[in-house]
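Report on one structure; see the data block that follows.
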Amino acid sequence: MTGAADTLPLGYSFCPNDTFIFYALTFGRVPSPLPVQEVLEDVETLNAWAREGRLPMTKISYRAYFEVMDRYVALRAGGALGRGVGPLIVTKEALPSLRGRLVASPGALTTAEMLLRLVEPGLQVVRMRYDEVMPAVQAGRVDAGLIIHESRFTFHEYGLQKFIDLGAWWEGETGLPLPLGAILVRRDLAASTQWALNEAVGASLEYAWAHPQEPRGYIRAHALEMSDDVMQAHIDLYVNPFSRDVGEEGERAVQELRRRAEVAGLISPSPLPLFVQAP
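Letter 95 of the sequence shown, counting from 1, is numbered 98 in my numbering, and no numbers are missing.
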């Protein structure tokens with residue numbers, strides 16, 4: 004997928020953290036080496052597109068990034084990484100174990116399913132779009148659901164209960180924040196352009212922090228079936244200092260996630276650097 008010759012297609016999700024971060028960049032409120040053209044899709048679609056190399060710049064799950072490192076490199080800005088941000092496994096009834104149970108997953112390329120595989124390697128999963136997971140658990144079509152995004156704030160409304168917080172598991176195991184998603188650019192872009200895009204994303208976030216009311220209409224337009232309180236809670240949780248720059252601790256977290264996935268046989272090793280570097 005390509006835009007006009009003088010624009011750069013940028014893929015990101017409908018979620019409030021992404022629309023908050025990218026509002027200023029999308030609408031030209033901050034300088035950018037190229038004007039961007041928004042391409043809004045759910046993250047698992049963006050994950051699949053990255054495998055095809057469809058977009059020159061895109062949001063992606065870290066799980067999917069580890070498979071496309073030959074083509075893309077992560078920006079230091081704009082990603083989703085933090086503490087208390089992890090996916091949850093929810094059930095309708097209390098269960099002693101998930102062994103032999105059917106679990107709904109938001110996608111094979113999500114970081115959430117990678118964590119599930121690290122915790123419970125042999126589980127049977129069925130995949131569906133992330134917003135279909137809780138209704139499937141509620142209706143009894145699956146025994147448990149792996150939920151992401153704003154679902155962590157609303158699962159009680161479906162009469163569901165938390166079985167395990169995979170983010171808490173990760174933090175307990177590693178002492179590190181949990182990497183969820185990153186913003187990628189193509190490796191074949193000039194290093195100066197990669198860094199300029201990193202700085203543009205950082206500036207876009209800083210603009211949103213400085214003018215929090217300005218992007219609300221844009222965020223609201225895409226946050227369907229989400230209350231204002233949930234929308235703000237989503238932003239407050241997933242947009243944090245790691246979103247401005249992944250930092251040394253964030254880098255260690257991503258490296259550890261990659262290492263554990265390699266040991267588990269979920270991904271292949273890569274010698275390439277994880278993040279863009281200043282030219």
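Positions of the beta carbon are idealized from the N, C-alpha and C atoms, including for glycine.
Taken atom to atom, the span from the alpha-carbon of V242 to that of I167 is near 23 Å. Judged by their CB atoms, R189 and G56 are nearer to each other than the 9 Å cut-off.
Between I222 and F23, the CB-CB gap stays under 9 Å. C-alpha of K95 to C-alpha of F17: approximately 27 Å in a straight line. Excluding the 5 residues flanking it on each side, P34 has same chain C-beta neighbours closer than 8 Å at A203, A206, in chain order. F156: member of the alpha helix (DSSP H) spanning 154-157, first to last residue. Separation of the CB atoms of L13 and E41 is rounded to 6 Å, and the pair is thereby assigned contact status at 8 Å. With a cutoff of 9 Å on beta-carbon distance, V106 and L126 are scored as near each other. Annotation: G87 to A281 spans about 30 Å, alpha carbon to alpha carbon. Here DSSP, grouped into helix, strand and coil, assigns G250 to helix.
Counting the other CB atoms within 10 Å of its CB gives W173 a total of 16 or more, which places it among the buried residues. In this chain, D191 is not harboured by any beta strand (DSSP E), its DSSP state being neither H nor E. By the beta-carbon neighbour count (other beta carbons within 10 angstroms, threshold 16), W212 is exposed.
By the Cβ neighbour-count rule, A77 is buried, with 16 or more other Cβ atoms within 10 Å of its own. Each residue's CA atom was taken as its position, placing K165 and P90 some 10 Å apart. Here L277 is buried: its Cβ has 16 or more other Cβ atoms, across all protein chains shown, within 10 Å. Cβ atoms of L112 and R74 stay farther apart than 8 Å, at about 14 Å.
With distances taken between CA atoms, E160 lies nearest to M229 out of M229, D45, E176, P274. In this structure V136 is in contact with L149, their Cβ atoms being roughly 7 Å apart against a cut-off of 8 Å. For the pair R144 and M131, the Cα-to-Cα distance works out to about 12 Å. When DSSP assignments are scanned along the segment 6-70, the uninterrupted stretches of beta strand (DSSP E) that are 3 or more residues long and fall wholly within it turn out to be 11-15, 39-43, 60-64. If you draw a 10 Å sphere on the C-beta of L260, you find 16 or more other C-beta atoms in it, and that means buried.
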